[in-house]
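Just below is one structure, and these are the notes that go with it.
Numbering (the working numbering), first residue to last: 3 to 215.
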């Protein structure tokens, strides 16, 4: 009788080889396994957002401010009037050349941009040739040109009180200095708005003005 015990073999359990389990990953020497990062939780309203450090929850929009009325502009003050005497200029000239010197002074004034109506020329002796010519048309026509005030006007110092003040007064000492001529010289700087020019003998002019100009 055959020994069944010897004939029956135990079923072989399947053997799983190492290759069937897949390659094993061995951490490299000196390298540690990465630490898993924590999953962030829900963000609260008070937590600042990335990129806006220090900024909390949105603030309510402030109410619109009412425009303030503009401050009134300060009142401008007029500069004080300059009441100082006009500048004085003396042009030496002989009695016979005083009128020519005055005419040259007028030409220079006009060339520099001075308006013709700003200039008054007075003579202490004979009338200026222009005045003598205009008077041939009558006193009314002559003084009408003065009143127009748009051109150089020529007169004698005897009529200085009748002439309106102008910016520039030129006095030609072409004769003796009588009381009217002396007064015209002494008051010329007050009647002139900017400049007074005296053409003639410096000694006579300084004597009339009273104390060497």
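Even for Gly, the Cβ is constructed at its ideal location relative to N, Cα and C.
Model, not experiment: these values are computed from the prediction.
Since residue i sits in a beta bridge, which residues does DSSP pair it with?
{"i": "residue 200", "result": "92, 173"}
{"i": "residue 121", "result": "170"}
Please report the Cβ distance between residue i and residue j, rounded to the nearest whole angstrom; I am assuming they are in contact, meaning their Cβ atoms lie under 8 Å.
{"i": "residue 108", "j": "residue 202", "result": "In fact, because the Cβ distance is near 15 Å, the residues do not count as touching under 8 Å."}
{"i": "residue 187", "j": "residue 196", "result": "Their Cβ separation, rounded to whole angstroms, is 17 Å, which puts residue 187 and residue 196 out of contact at 8 Å."}
{"i": "residue 1", "j": "residue 207", "result": "In the structure as shown, the chain starts at 3 and stops at 215, and residue 1 therefore has no counterpart that could be examined."}
{"i": "residue 88", "j": "residue 198", "result": "5 Å"}
For residue i, does the three-state DSSP call read helix, strand or coil?
{"i": "residue 140", "result": "coil"}
{"i": "residue 158", "result": "strand"}
{"i": "residue 100", "result": "helix"}
{"i": "residue 126", "result": "coil"}
{"i": "residue 190", "result": "helix"}
{"i": "residue 116", "result": "coil"}
{"i": "residue 212", "result": "coil"}
{"i": "residue 152", "result": "coil"}
{"i": "residue 29", "result": "Residue placement at residue 29 cannot be trusted, given a pLDDT of 49 that sits under 50; what the coordinates show is reported in the next sentence. Coil."}
{"i": "residue 109", "result": "helix"}
{"i": "residue 235", "result": "For the chain, the structure presents residues 3 to 215; residue 235 sits outside this window and is missing."}
{"i": "residue 206", "result": "helix"}
{"i": "residue 84", "result": "The pLDDT assigned to residue 84 is 49, lower than 50, so where the model puts this residue is not dependable, and the model offers no usable value."}
Between the options, which has its C-alpha nearest residue i's C-alpha?
{"i": "residue 130", "options": "110, 158, 141, 144", "result": "158"}
{"i": "residue 180", "options": "127, 110, 115", "result": "127"}
{"i": "residue 132", "options": "154, 114, 113, 142", "result": "154"}
{"i": "residue 164", "options": "178, 193, 139", "result": "193"}
{"i": "residue 178", "options": "210, 93, 198", "result": "210"}
{"i": "residue 182", "options": "144, 99, 125, 101", "result": "125"}
{"i": "residue 204", "options": "100, 89, 88", "result": "100"}
{"i": "residue 156", "options": "89, 104, 90", "result": "104"}
{"i": "residue 160", "options": "144, 136, 185, 145", "result": "185"}
Consider the Cβ of residue i: report whether some Cβ of chain B lies at a distance smaller than 8 Å.
{"i": "residue 99", "result": "Of the protein chains in this structure there is only one, and it is not chain B."}
* To do: Check whether the stretch 116-130 touches the stretch 151-169, taking contact to mean three or more Cβ pairs, one atom from each stretch, closer than 8 Å.
  => yes
* Is the stretch 134-152 in contact with the stretch 170-186, if contact means three or more CB pairs nearer than 8 Å? -> no
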